[in-house]
Every structure is written in structure tokens, then in C-alpha cells.
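In the working numbering, the protein residues as written are 789 to 1136.
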């Protein structure tokens, strides 16, 4: 027994039988017994294999009268793990149910906040559209955002047209190859005009090769503007949309604060909370605006630099194709292939 304050607490040294049999693992049985004797404590060997409990090896833990008459005695050795756990922790189902209820309450509360916020934001947008409520306006910033949105639409048109032209050029190249093969096959049988047929077949084959080379140039160009249109500009637009959403939320909180301040019965605490909330949302809005301006500047530099090089090489490839300069066309393909595509994100 160990005295702690006014209470006497029994001390029990418990050792696993397997561990006690191997000195190299934890401690030998003899050392465990000596330690128990030194501390004037009970020494008990337990084993998960035979399900030995401490109460079976020592009488220091006496069961209460209610426990002696418990209509649900402990599970005998060999019983299932589930039944054994349930017998030792009878409140486990209630605990699990309580945890589940907490999770459900948290989800419901989150859904409630989202619903209220969505309703307020939608109401703010509707009133702004109807002209019945004022909104925060930054004319220069909004103009820059509209310009990049329009630029994104125009690049989308270029992507669509480039994809259609590339597909048509692929079909043209394949048709020219088919014609060249057909003429070559004809030259094998038509001996009287074999030289003319062979010459025409070779010409069509060279034209088909040039068309295939121009197709490769277009595909490199298309890949570049697809990245610019579908990833780089979109990355900036996502930040713009987040800024617009933050502006709406800020206006909602700002109008709530104005409404409270105009009420004579409003408590100072409620006004203080509304003021802090509006200030936090305004800071978020201004921070996102700063991010958008940085991304717009980086996008301008990236876009102009990449597209200038891409267009120069594409112009050279088109000139080489229509002039029949196969060497220049092959060089244009290699140069377009070596050009780097725009970065997909402008995150700082």
C-alpha cells in the first residue's frame, strides 16, 4: 500500500509472462519479484493468451457487493473480443452515439451558417441589380477586371479556331498522302505515263510532308495558347471572382453595421461585433484586390513575352509552307518545340 495524502492506494507490479521469460526483452521474473518486494507491492503475471486478469492473481481489488451479484458476469476465457469489450465498457455505445450527435450538430451548424450567408449575399446582389442599395465601387479596378475577362473570351475564340484549322490541316495532309500513294500505285501498272505519274506522286508526297510539318507547328502553338487561356488567365480570373465575392460580403456586413448604428435600441456590444466583422471583411477584400493587381501585372508580362515568340515562329512556318521551303519549315517546327509554354499559375 502507498499513502498519498490521506488515502492508501494499492500498488501492483504487472508483468507479461512472455516478457518475463526472456530477459533480453524487458525484465526477468526474478527482477520483477525483487522490485515488488522492495516496493512492498503485489506481483502479478498476466497474459493476453490465457486472459488472466489482475483480480484473479491478487485480492487487493475486492469487488463490491453489487458487482458480486451482477447478473452480467465477465465473459469467460475464449469469448469473442466484441462481447469482452462491451462487458468491460458498458457505456461505449452511449459514448459513440454522443460523438455521432456532436458530429451531426457541427454539420447542421455549418450548413446553417452557409445558408444564411448565401441568402444574405444573394439578397445583396439582387438589391444592387435593382438599384435599391449602394455598393462599394472601385472603377479602375473593375475596368481592369472586365478587360481581362474580355481578353479571356477572345483567346477562347482563337483557341477554337486554331483547333478547327489544325484538324482540317490534318485531314488535308492525310488526303494528300492518300493521293500520293494512289499515284505511286498507278505508276506500277501504267508504264506509258509512268514518269509523269511518278513525278506527280513525289510532288504530292512533299506537299503532304509540308502539311504535316505545318500541322506540328500549329499544335505547338495551340498547346501554348490553350495553357494561356485555360490555366494562366483562369488562375487570375479565379482570384478576381474571389475578390468580387469578398466585396459582396463586405457590403453585407457594412450595411448590417449601418442598420445597427441607426437603431436607438441596438446594444453597444452588437455594434462592436458588427464593426469588427465589417473591418475584417474589408481587410480581406483589400488584400484580394492587391493580389489581383499583382497577378494582372505578371499575366501581362508573361502573355506578351510568350505570345510574341509563338506568333513570330508561326508566321515563319506559314511563309515556309506556302513557299515550299521544307528546310525553313522544319526549322520553324524545331524552334516552336523549344519555346516554353506559359506558366499555368501566377501564384506568388
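Quick reminder that beta carbons are idealized off the backbone N, C-alpha and C, glycines included.
No experiment lies behind these values; they were computed from the predicted model shown.
By Cβ distance, which residues of its chain are closer than 8 Å to residue 1024, with the 5 residues on each side in sequence left out? The residue labelled residue 1024 in the question sits at position 236 within the chain shown. So the qualifying residues of the chain are 936, 1080, 1083, 1084, 1087 and 1134.
Give, in chain order, every unbroken run of the alpha helix (DSSP H) that is at least 4 residues long and sits entirely within the stretch 959-1044. Counting whole runs of 4 or more residues, the stretch 959-1044 contains the alpha helix (DSSP H) stretches 982-1015.
Beta-carbon separation of residue 1101 and residue 1120 under 8 Å? By 1-based counting over the chain shown, the position of residue 1101 is 313. By 1-based counting over the chain shown, the position of residue 1120 is 332. Closer than 8 Å, so yes.
Report yes or no: do three or more beta-carbon pairs, one from the stretch 1104-1118 and one from the stretch 954-969, lie closer than 8 Å? no
Enumerated in chain order, which unbroken segments of the alpha helix (DSSP H) with a length of 4 residues or greater are wholly contained in the stretch 1047-1121? Restricted to the stretch 1047-1121, the alpha helix (DSSP H) segments that are unbroken, complete and at least 4 residues in length are 1056-1111, listed in chain order.
Environment of residue 1002 [buried if 16+ CB atoms lie within 10 Å]: Walking along the chain shown from the start, residue 1002 turns up at place 214. Under this definition residue 1002 is a buried residue.
Using a Cβ-Cβ cutoff of less than 8 Å, which residues in the same chain neighbour residue 1048 once the five nearest sequence positions on both sides are dropped? For the purposes of this step, residue 1048 is taken as the residue at position 260 of the chain shown. Cβ within range, chain order: 1054, 1058, 1059 and 1062.
Determine the contact status of residue 909 and residue 1040, defining contact as a CB-CB distance below 8 Å. In the chain shown, the residue the question calls residue 909 occupies position 121. In the chain shown, the residue the question calls residue 1040 occupies position 252. For residue 909 and residue 1040, yes; Cβs fall inside 8 Å.
Check whether the stretch 1009-1029 and the stretch 937-953 are in contact - that is, three or more C-beta pairs closer than 8 Å. yes
Below 8 Å CB to CB, which residues in the same chain sit around residue 1033 once its five sequence neighbours on both sides are set aside? Locating residue 1033 in the chain shown gives position 245, counting from the first residue. Excluding residues within five positions, the ones whose Cβ falls inside 8 Å are 909.
Cα-Cα separation between residue 808 and residue 826, rounded to whole angstroms: Sequence index remark: in the chain shown, residue 808 carries index 20 (1-based). Sequence index remark: in the chain shown, residue 826 carries index 38 (1-based). Note that residue 808 has pLDDT 49, beneath the 50 cutoff, so the model's placement of it is unreliable and the number below is only indicative. Their Cα atoms are separated by approximately 18 Å.
Under three-state DSSP, which class holds residue 921? For this step, residue 921 is matched to residue 133 along the chain shown. Coil, per DSSP.
Give me, in chain order, the residues of the same chain whose beta-carbon lies closer than 6 Å to that of residue 1038; leave out the 5 immediate sequence neighbours on both sides. As a first step, residue 1038 must be located in the chain shown, where it is residue number 250. Answer for residue 1038: 1069, 1070 and 1073, listed in chain order.
Nearest neighbour of residue 969, chosen from 989, 982, 1009 and 953 [CA to CA]: As a first step, residue 969 must be located in the chain shown, where it is residue number 181. Minimum Cα distance to residue 969 is reached at 989.
Rounding to the nearest angstrom, what Cα-Cα distance links residue 973 and residue 934 in this structure? As a first step, residue 973 is located in the chain shown; it is residue number 185 there, counting from the start. As a first step, residue 934 is located in the chain shown; it is residue number 146 there, counting from the start. Their backbone Cα atoms lie some 59 Å apart in a straight line.
For the putative contact between residue 950 and residue 1009, defined by C-beta atoms under 8 Å, what is the C-beta separation to the nearest angstrom? Residue mapping note: residue 950 aligns to position 162 of the chain shown, counting from 1. Residue mapping note: residue 1009 aligns to position 221 of the chain shown, counting from 1. By a beta-carbon distance limit of 8 Å, residue 950 contacts residue 1009. Their separation comes to about 7 Å.
Using alpha carbons as the reference points, say which of 1044, 926 and 1103 lies closest to residue 1031. Numbered from 1 along the chain shown, position 243 holds the residue referred to as residue 1031. Per the Cα distances, 926.
Let me know if residue 1012 comes out buried or exposed under the rule of 16 or more other beta-carbons within 10 Å of its beta-carbon. Here residue 1012 is taken as the residue at index 224 of the chain shown, counted from 1. Buried, because 16 or more other Cβ atoms sit within 10 Å of the Cβ of residue 1012.
Where does residue 926 sit, in a helix, a strand or coil, going by DSSP? Looking up residue 926 in the chain shown gives position 138. Coil at residue 926, not helix or strand.
CB-CB length for residue 999 against residue 957, believed under 8 Å: Residue 999 sits at position 211 when you count from the first residue of the chain shown. Residue 957 sits at position 169 when you count from the first residue of the chain shown. The Cβ separation is near 6 Å, so the contact holds.
Residue 906 to residue 922 span [Cα, whole Å]: Position 118 of the chain shown holds residue 906. Position 134 of the chain shown holds residue 922. Spanning the two alpha carbons is a distance of roughly 19 Å.
Nearest to residue 1066 by CA position, among 911, 1046 and 984, is which residue? Here the question's residue 1066 lines up with position 278 in the chain shown. A check of alpha carbon separations from residue 1066 across 911, 1046 and 984 identifies 1046 as the nearest.
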